[in-house]
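This report refers to the structure that appears directly beneath it.
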Amino acid sequence: MIDISRRKLIVSGLAATAGASGLSVAARLARKYGLVPPDHGGIYGLGETLTYASQRLLMRHSLAREFPRSRISPRPFPNELAPLTEDFKRLQAGGFADWRLSIDGMVYQPASFSIADLKSYPSRSQITEIACEEGWSYIAEWIGVPLSHVLQLVGVHPEARYVVYVSMEPDTWDSIDMADALHPQTFLCYGMNGSELPVAHGGPIRMRLPRQIGYKNKKFITHLTVTNNLNRFGKGLGCVDAEYGYAWYAGI
Amino acid sequence: MATFGSAPLPPEAAHPSHLSTASIAKLVPRHSAVVRVTHWITALCFFALLVTGTEILLSHPRFYWGETGTVLTTPLFQLPIPSSRRLVPTGYNYVLPDQNGWSRALHFQAAWIAVLTGLLYAISGLLTKHFRKDLVPSKADLSWRVLWNSFLKPVRFRRPNAAEASSYNGLQRLTYLLVIFVLFPLVIWSGLAMSLAFASVFPWSVSLLGGRQSARTIHFFVSVALGLFLLVHVFMVSLAGFSTRTRAMITGRAATHKG
């Protein structure tokens, strides 16, 4: 019933071989240029890798849209918070004077900063939109020190590939690649709309990266680790959210 | 060899079921291989996108116009359904489980496959003149009376005859062109506009749609339109004979009485 000629068989055989070797070359190139996300395994790995690779190729240096001051949302929506820990409440009672942000890993000078230290560095602000994966979004002015400035202070090894950031919220950590870590709009954010960053929005320190979805903008940051290998963090998927099925890269 | 069995056929094609298809009607080419393969891949992706899209929607069944919108602002409208997030006021006293992780992953993976498949289909359709031959309506197709009659016939549950089933009428052609060249591009565009990284390179892709929340609302309405298309499509296929038409889209050949 189905007539397969020898020529057809040879042609499709050649096409399949070419396709398979093309794919393996593409996979090798993608790995070499850092286009494979840490959560590339599993049945959705294809989609995650296509999204991350294409957006990295196209959007390494692009800037998130910024808005005029008049478009700042009058009532920024604070998303649901996990109950604050006793440790957090103790630091909060002291006006966060004892809050420390420590940096270790592939840096020349591991260091620890107070909020006052961070505020003593050149302050930057951006009026950008934060968008939650659920669908809602608002615009705010975000004030902070670019993460790149702090990384420069401690000196990052040239072979470093990721910055892992850990929150004071239990079981909350994440990571970004160096393209995002060195991006001018990636802030260690301590202010919002002209005042201190409210606790409801992640104060005293929140990671702010406006080219990725809200859940990458982790609140209550206490610790950074610079690394070239995410395997030893959690299950090796790059963030705790990936262990619950959420993508590590959330540019979409 | 397949037999028609109890498949609903146009009356003139109805023959005793023990006869093979070859003896009652000639099997003539109906759909090219590219059309068939891309059709079923798209169908699979479309189903995945519809299910996961609905799932993602459950986490915030409110829609806004413009750039921003949260539960603290007035929505354009809210769907009267429960939500998978506690802070969304829905009027239901329960919260659905969060399924957004895998839903988002599958949504984007299916979108990738659908877009790549669509590209293959569009390029092949241009090269083989599939669009011009099979989908662009003729002048005669475009009279209001003819279009109206094409609309009334399926609405009155009238099955198409063999000649009608071997090609598309003007209304079908216009619908397919609308889906392929307007709705699909629009749903892709409004989807991409919601990507923060994509918007950082192509800010106009968001502003032309009226803002991020407008893009989301447009994405929703175009998806509803595509969902309606799917319902009408399956209805029309059933009217023309579900197994014959489905077999034509799988094997590429359809029975015709003219041979």
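Here the protein sequences line up with chains E and L, keeping their order. Be aware that the first sequence starts at 1, since it is given in our numbering, and climbs by one per residue. Be aware that the second sequence starts at 1001, since it is given in our numbering, and climbs by one per residue. Glycine included, each C-beta is placed from N, C-alpha and C at the ideal position.
| query | result |
| --- | --- |
| Test: Ser148/E CB closer than 8 angstroms to a CB of chain L | no |
| Backbone CA spacing between Phe1184/L and Leu1116/L [nearest angstrom] | 12 angstroms |
| Beta strand (DSSP E) runs contained entirely in the region 1125-1164 of chain L, provided each spans 3 or more residues | none |
| Proximal residues, the region 1167-1199 of chain L versus chain E, C-beta separation under 9 angstroms | Gly1191, Leu1192, Met1194, Ser1195, Leu1196, Ala1197, Phe1198, Ala1199 |
| Interface residues of chain E facing Arg1216/L [CB-CB closer than 7 angstroms] | Gly135 |
| For Glu48/E, three-class secondary structure by DSSP | helix |
| For Ile205/E, the nearest candidate out of Leu224/E, Arg211/E, Gln212/E (CA to CA) | Leu224/E |
| Neighbourhood of Pro1089/L by C-beta distance below 8 angstroms, restricted to the same chain and skipping five residues each side | Val1071 |
| Own chain partners of His1107/L with C-beta closer than 8 angstroms, once the 5 adjacent residues on each side are dropped | Ala1048, Leu1049, Thr1052, Gly1053, Ile1056 |
| Buried/exposed call for Phe1004/L, threshold 16 Cβ in 10 Å | For Phe1004/L, the predicted structure reports a pLDDT of 40, less than 50, and the residue's modelled location is therefore unreliable. A value from the coordinates is still provided. It is buried - the Cβ of Phe1004/L has at least 16 other Cβ atoms within 10 Å. |
| Exposure label - Pro74/E; buried when at least 16 CB within 10 Å | exposed |
| Burial state of Ala1193/L (16 or more Cβ within 10 Å) | buried |
| Touching by the beta-carbon criterion (3+ pairs, under 8 angstroms), the region 68-87 of chain E and the region 155-175 of chain E | yes |
| Chain E contacts from the region 1079-1111 of chain L (Cβ-Cβ distance under 7 angstroms) | Arg1085, Arg1086, Leu1087, Asn1100, Gly1101, Trp1102, Arg1104, Ala1105, Leu1106, Phe1108, Gln1109 |
| Local Cβ density within 10 Å of Ile103/E, reported as buried at 16 or more and exposed below that | buried |
| Neighbouring residues, chain E, relative to Ser1223/L (Cβ below 7 angstroms) | Neighbours of Ser1223/L on chain E: none; closest Cβ ~13 angstroms, over 7 angstroms. |
| Classification of Arg232/E by the beta-carbon crowding that lies within 10 angstroms, buried from 16 upward | exposed |
| Sub-8 angstroms separation of Phe1220/L and Phe1063/L beta-carbons | yes |
| Three-state secondary structure assigned by DSSP to Val274/E | With chain E represented from 1 up to 252, any question about residue 274/E goes unanswered, as that position is not in the structure. |
| Within-8 angstroms CB hit, Pro1029/L to chain E | no |
| Inter-residue Cα distance where the pair is Ala53/E and Asp177/E | 12 angstroms |
| Where the region 1117-1136 of chain L meets chain E: residues whose CB sits under 7 angstroms from a CB there | none |
| Partner residues on chain E for Thr1068/L, Cβ-Cβ distance less than 7 angstroms | Ser73, Glu129, Ser137, Tyr138, Ile139 |
| Inter-residue spacing [alpha-carbon to alpha-carbon] between Arg1247/L and Ala1162/L | 15 angstroms |
| Proximity test, Cβ basis, 8 angstroms: Gln126/E and chain L | no |
| For Val1232/L, three-class secondary structure by DSSP | helix |
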